[in-house]
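First the structure, in the form of structure tokens, and then the observations on it.
In our numbering, the protein residues as written are 151 to 429.
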């Protein structure tokens with residue numbers, strides 16, 4: 151690892167971070183995987199998803215994470231795996247258009263750790279959804295039959311954890327990337343790219359290439375997501391003081407700049423976002 155572990159400095163949150171129900175529950179990874187895996191998540195048990203579930207879209211905000219998501223359809227005896235790469239935009243998802251007995255299991259990586267397990271560079275992957283085999287063929291091939299053989303979220307998390315621990319190669323982590331990620335997080339996403347490049351002792355062009363290959367985003371785009379996510383954490387958890395305090399803390403020009411930037415990412419005002427998060 152680098153001089154600092156970014157996962158100790160930055161804890162990305164979803165739009166509904168306190169949600170724990172039949173459709174979505176998070177499980178923390180074991181200590182050995184905590185620097186690399188934000189969480190395992192999915193349905194605690196298979197659920198018969200009604201067609202009406204499509205009328206309840208779920209808000210998915212840019213959380214500076216990537217996900218491998220397996221959907222198990224017991225009605226049709228199928229399992230599909232997708233990889234949701236780094237996203238910059240908010241999207242809405244909905245359930246199955248027809249009643250099915252379904253389960254879902256996912257691995258959520260930090261932005262900087264998916265490349266550890268990928269079998270090809272993540273260049274150009276931002277804002278895209280792929281078949282999981284495109285970037286993670288060995289993982290997909292190994293986990294698919296095992297995930298289908300059990301039904302609970304905890305059992306699937308244990309299976310995935312054992313596989314990930316076997317495949318873990320910390321020596322593949324780029325010191326350049328990790329140190330730059332730490333600098334971005336410590337600066338709350340406000341560090342200029344020229345300063346970031348100088349701190350990393352490499353050219354801006356090479357820094358761009360490292361980020362593109364191992365995260366799928368430019369340093370500037372990643373920095374913007376970090377600032378938004380850290381602001382969201384402060385707002386949601388009631389930290390950081392008044393809006394004016396947050397303007398100063400995160401380097402916005404004024405209150406309007408902060409509110410407009412947040413609404414662009416979250417599709418709603420901070421007050422509306424907090425109400426949604428707290429149910």
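Don't be surprised by glycine CBs; every beta carbon is placed ideally from N, CA and C. Values in this document were obtained by computation on a predicted structure and should not be read as measured data.
| Item | Value |
| --- | --- |
| I need the straight-line Cα distance from residue 205 to residue 427, nearest angstrom please. | Any answer about residue 205 is weak, because its pLDDT of 49 lies below 50 and its placement is not dependable; what the coordinates show is given next. Their Cα atoms are separated by approximately 19 Å. |
| DSSP has residue 199 in a bridge; who is on the other side? | 250 |
| Please report the distance separating the alpha-carbon of residue 311 from that of residue 394. | 43 Å |
| Would you report the Cα separation of residue 349 and residue 213, rounded to the nearest angstrom? | 25 Å |
| Can we say the region 222 to 236 touches the region 280 to 300, given the rule of at least three CB pairs closer than 8 Å? | yes |
| What three-state label does DSSP hand residue 186 in the structure shown? | coil |
| Specify, as a first and last residue, the run of the beta strand (DSSP E) that residue 228 falls within. | 228 to 234 |
| Beta-carbon separation of residue 173 and residue 218 under 9 Å? | no |
| Just to confirm the assignment, what range does the beta strand (DSSP E) spanning residue 219 have? | 215 to 223 |
| Are at least three pairs of beta-carbons, each pair with one atom in the region 299 to 308 and one in the region 356 to 375, less than 8 Å apart? | no |
| Can you tell me whether residue 151 is buried or exposed? The criterion is at least 16 other CB atoms within 10 Å of its CB, across all chains shown. | For residue 151, the pLDDT reaches just 41, beneath the cut-off of 50, and the residue's location in the model is therefore unreliable, leaving the point undetermined. |
| Check the C-beta distance from residue 431 over to residue 250 and give it rounded, since I have them as a contact under 8 Å. | The chain is shown only over 151 to 429; residue 431 falls outside these bounds and no answer can be derived. |
| On the three-state DSSP scale, how would you describe residue 260? | strand |
| Check residue 241 in the structure and name its three-state DSSP category. | strand |
| Mind checking which residues open and close the alpha helix (DSSP H) that includes residue 385? | 369 to 386 |
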